[in-house]
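To keep things clear, I will list the structure first and then write my remarks on it.
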Amino acid sequence: MFGYHQFSFDTLTSVPWLVWPALIVLVGLGVWLYRRTNPPLPVWRRLLLAVLRLIAVTAVVVALLEPVVGFSRTWERPFRVSVLLDYSRSMDRLEQGLTRGARRDSLLSSPAYQRLKSRADIRTWYFADRLADNPDQLDRDKTALGDVLFALTQKELGAPADYWVLLSDGNANTGRQVNDAAKGLPTPVLAVNLAQGQGALDVQIVDVDYNRVAFAGQPTEV
Numbered sequence: 741m742f743g744y745h746q747f748s749f750d751t752l753t754s755v756p757w758l759v760w761p762a763l764i765v766l767v768g769l770g771v772w773l774y775r776r777t778n779p780p781l782p783v784w785r786r787l788l789l790a791v792l793r794l795i796a797v798t799a800v801v802v803a804l805l806e807p808v809v810g811f812s813r814t815w816e817r818p819f820r821v822s823v824l825l826d827y828s829r830s831m832d833r834l835e836q837g838l839t840r841g842a843r844r845d846s847l848l849s850s851p852a853y854q855r856l857k858s859r860a861d862i863r864t865w866y867f868a869d870r871l872a873d874n875p876d877q878l879d880r881d882k883t884a885l886g887d888v889l890f891a892l893t894q895k896e897l898g899a900p901a902d903y904w905v906l907l908s909d910g911n912a913n914t915g916r917q918v919n920d921a922a923k924g925l926p927t928p929v930l931a932v933n934l935a936q937g938q939g940a941l942d943v944q945i946v947d948v949d950y951n952r953v954a955f956a957g958q959p960t961e962v
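See the structure below:
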């Protein structure tokens with residue numbers, strides 16, 4: 741009824757057998773007082789006093805028994821999924837004719853993602869230098885993925901999502917270490933790498949310019 745089931749009743753007292761003799765004694769005392777009421781009272785008043793005494797006795801017995809009523813309740817709710825979208829500058833990198841951002845947007849418009857939206861409660865987050873609910877609030881030149889994971893954990897302390905879906909190239913250039921932030925996360929993370937193959941690195945050394953005349957023991961510029 742009303743989603744409640746598996747009702748149970750138990751007592752916390754360690755000596756319940758002592759309660760029942762006490763109950764008998766108290767009930768007997770109540771009856772004796774009812775019969776010995778002095779001065780004599782009308783019958784209805786004596787009955788009222790007897791009922792009040794029995795209520796008081798019952799309350800004492802219940803307190804001595806320390807009853808515990810247990811039950812369980814079930815209900816259904818849709819899965820909650822938090823989707824984290826990488827909007828940092830590295831998502832503009834072109835690989836095999838598509839930018840990483842284009843791959844991200846393609847996944848968001850795919851039939852698989854649409855099915856997920858129909859079956860789950862989706863909350864979309866954007867990140868670069870920090871976590872935000874609007875990509876226009878971000879500094880795209882920085883990627884603080886570790887800080888983002890920590891921030892989302894704090895935001896969902898009271899009502900954590902069932903899953904996180906992370907669409908990113910995995911790059912981070914500021915903030916907490918990603919490995920440290922990912923340790924002990926309360927929510928499973930499904931990460932989709934948007935970088936192609938070895939293209940996960942956005943920085944490479946293509947040339948070194950240095951002063952070709954150098955003196956031993958003297959610093960030189962590189």
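For the sequence shown, position 215 matches number 955 in the working numbering, and the numbering has no gaps at all.
Even glycine gets a Cβ: it sits at the ideal position worked out from N, Cα and C.
Task: Own chain partners of residue 832 with C-beta closer than 7 angstroms, once the 5 adjacent residues on each side are dropped - done: Here the set comprises 839 and 841.
Open item on the list: For residue 904 and residue 929, what's the separation of their Cα atoms in angstroms?
Closed with: 5 angstroms
Task: Residues that DSSP places opposite residue 835 in a beta bridge - done: DSSP output for residue 835 lists 838 as bridge partner(s).
Task: Those runs of the alpha helix (DSSP H) which lie wholly inside the stretch 794-860 and span at least 4 residues - done: 840-848 and 851-859
Task: residue 933 - containing beta strand (DSSP E), residue span - done: Unbroken beta strand (DSSP E) run through residue 933: 929-933.
Open item on the list: I'd like the list of long-range same chain contacts for residue 844, defined as Cβ closer than 8 angstroms, with 5 residues on each side in sequence excluded.
Closed with: 825, 826, 831, 907 and 934
- [ ] Output the distance between the C-alpha atoms of residue 822 and residue 857, rounded to the nearest integer angstrom.
- [x] 11 angstroms
Task: DSSP-derived helix/strand/coil call for residue 750 - done: Here residue 750 sits in strand by DSSP.
Task: Extent of the continuous alpha helix (DSSP H) to which residue 885 belongs - done: 885-895
Task: 7 angstroms Cβ shell around residue 886 - same chain, five flanking residues per side excluded - done: 912, 915, 916, 917, 918, 920 and 921
Open item on the list: According to DSSP, simplified to helix, strand and coil, what is residue 789?
Closed with: helix
Open item on the list: On the CB-based measure, 16 or more other CB atoms within 10 Å of its CB, does residue 865 come out buried or exposed?
Closed with: buried
TODO: Answer with buried or exposed for residue 888, where buried requires no fewer than 16 other C-beta atoms within 10 angstroms of its C-beta.
DONE: buried
- [ ] Could you pull the start and end residues of the alpha helix (DSSP H) that residue 919 belongs to?
- [x] 918-922
Open item on the list: I need the DSSP call for residue 872, collapsed to helix, strand or coil.
Closed with: strand
Open item on the list: Whole angstroms are fine: how far does the CA of residue 875 sit from the CA of residue 828?
Closed with: 9 angstroms
- [ ] Kindly list the residues whose CB is nearer than 7 angstroms to the CB of residue 853, restricted to its own chain and excluding five residues on each side of it in sequence; keep chain order.
- [x] 847
- [ ] Can you grab the Cα-Cα spacing for the pair residue 800 / residue 791, in whole Å?
- [x] 14 angstroms
Open item on the list: Measuring only the C-alpha atoms, how far is residue 745 from residue 814?
Closed with: 8 angstroms
Task: Counted within 10 angstroms of its Cβ, other Cβ atoms place residue 867 as buried (16 or more) or exposed - done: buried
- [ ] Measure from the alpha carbon of residue 818 to the alpha carbon of each residue in 861, 836 and 881, then state which is nearest.
- [x] 861
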